[in-house]
Amino acid sequence: MRVPRLVPRLRPFTSTIFAEITQLAVRHGAINLGQGFPDTDGPASLLADAQQAIATGANQYPPAPGLPALREAITHHQKRFYDLDAGDVLVTAGATEAIASAVIALCGPGDEVVIFEPYYDSYPAVVAMAGATRRTVPLRAPDFQPDPAELRAAFGPRTKAVLVNTPHNPTGAVFGPDTLRAIGDLAISHDAVVITDEVYEHMTFDVDHVPMATLPGMAERTLTISSAGKTFSVTGWKIGWIHGPAELVAAVRAVKQFLTFAGGAPFQPAVAGALALPDEAYESISGDLRPKRDLLVEGLRRTGMRVFEPRGTYFVVADLAPLGVADAAAYAREMPARIGVAAVPVSVFCDDPALAPTLLRFAFCKRDEVLTQALTRIMEP
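Residue numbers for the sequence shown follow numbering that gives the first Met the number 0, so the first one is 0 and each next one is one higher.
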């Protein structure tokens, strides 16, 4: 019997840069600033609520759309922070499943999906799973905002959806109302659905996060995605959600039910409770991250790198060109063994590697002593 082979459209996605760099970090005992996960746990009440749920029997399938308490908490959260009517809510296995389910549900062969590059690595993969074609809009240093002409050029008669990530991974950029309005106007004129990845919504610095669905005329064509993993530092729980118009969410649910069906039973009531935490808890998310950002930005600048201070997320992008490095991807693969620090090359998140050949992404969602030790290793390789 002939061994089945991966279909051609998925062959470029057999591994991820995160797995590769993390493996190198483990092999060489390097400090891993490549993969974006915190090295501390989330709120104590959240962890205690999950333990209590396990102890009291919340260990079987939850309802496929998600526990009513969590769906209601998500609705309240959106109203509380953005005065936004969430519409229908579907709980997913992290934001990644929400994105995949939405793209697969809404797009197919012959359709085009607009995405922004550098992009999170799952985006082109899920477009390929759907059999659709991606059209990219470049985001260039130093501000990583789309050029209006290039944005318009990415849309066409086959545009079915646009995938917007703000605050943006990997660049740390935040799209403001004007940029979002330009994207929304193009979506309206091409009758496209907007799928927004807003998992870093509570991680902004000196700028507000603006959900696309709050703009005039956008609620009826926007699917909004977020996650407890990033907000509450429990990335391993994989509790995400997607909300929007009932008709669009029903389409997503049709796909999602045949991926995981449902999951995270004891985590869902815990996340519901965490979403109702007081304002101080939410303010501390960006408040605690800001000094870590500043520590890493200032330290990397002392090495001679050109560093782009992020407005959101917990990532910093640095340019190695001033150090004479022409290929950040090769440099990143050498760093764990040579310097004892791991980072991720930005070029792997681009259709056109020439867009970011000398850029590296560092994560600063780590304890201060870890960041300080990493900087010491970078400055004294």
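Glycine included, each C-beta is placed from N, C-alpha and C at the ideal position.
Distance between residue j and residue i (C-alpha atoms, nearest Å)
i: E279; j: V248; result: 32 Å
i: A29; j: Q372; result: 11 Å
i: L9; j: A47; result: 40 Å
i: A269; j: T55; result: 13 Å
i: L276; j: L69; result: 13 Å
i: E111; j: I53; result: 43 Å
i: Y435; j: A85; result: Given a span of 0 to 380 for the chain in the structure shown, any question on residue 435 remains unanswerable.
i: V381; j: G228; result: Residue 381 is absent from the structure shown; the chain starts at 0 and stops at 380.
i: G239; j: A181; result: 27 Å
i: L222; j: S346; result: 28 Å
i: A342; j: R252; result: 36 Å
i: L359; j: Q59; result: 42 Å
i: R300; j: L374; result: 10 Å
i: R310; j: G171; result: 6 Å
i: P11; j: P123; result: 10 Å
DSSP three-state assignment for residue i, whether helix, strand or coil
i: L162; result: strand
i: R360; result: strand
i: I182; result: helix
i: P7; result: helix
i: P344; result: strand
i: R305; result: strand
i: T132; result: strand
i: A327; result: helix
i: I30; result: strand
i: A68; result: helix
i: P352; result: helix
Paired residues, beta bridge with residue i - DSSP
i: P137; result: E116
i: G311; result: T203
i: L222; result: I194
i: L89; result: I241
i: D318; result: R305 and L358
i: E111; result: T132 and T158
Residue closest to residue i, alpha-carbon to alpha-carbon, out of the options
i: P145; options: K159, A329 and E116; result: E116
i: D326; options: T302, A355, M202 and R337; result: A355
i: A63; options: L89, N31 and G93; result: L89
i: D120; options: A153, V161, P169 and V102; result: P169
i: A261; options: Q50, V25, L66 and R157; result: L66
i: T39; options: R79, T234 and P123; result: T234
Closer than 7 Å: residue i CB and nearest the ligand ATP heavy atom
i: F115; result: In the structure shown, the ligand ATP is absent, as is every other ligand, since no ligand is present at all.
Whole-number beta carbon distance between residue j and residue i, since they are thought to touch under 8 Å
i: G216; j: I187; result: 6 Å
i: G41; j: F231; result: 4 Å
i: A49; j: F266; result: 5 Å
i: D205; j: I224; result: Not confirmed; about 24 Å, so no contact.
i: A104; j: A250; result: 4 Å
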